[in-house]
Amino acid sequence: MSALAFFALMAVAAVGEILRRRVEKRLRNIRAVRADAAELRSTSQSLRVSVLSDEVTRKSAVAFTQERQLG
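The numbering used here puts the first residue of the sequence shown at 20, with every later residue one more than the last.
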């Protein structure tokens, strides 16, 4: 193999390595964003359940108070 062919092959390998690292970095970022989104969805659902629970508790307390006032 000539020296020119060897250096051309090494250049192609170096460029391939650079591109591979960039792709891996982007994939890590995408996975991190997806994990964050899943965590936010879970937190959002928990907050909705908490708000609904508080609303049910409040309405129950109001109904109980009204019932005692009428009874």
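C-beta atoms are modelled at their ideal positions from N, C-alpha and C, and glycine is treated no differently.
Query	Result
Straight-line CA distance for residue 56 to residue 40?	24 Å
Starting from residue 29, follow the alpha helix (DSSP H) in both directions and report where the run begins and ends.	22-89
Give the straight-line distance between the Cα atoms of residue 67 and residue 38, rounded to the nearest whole angstrom.	43 Å
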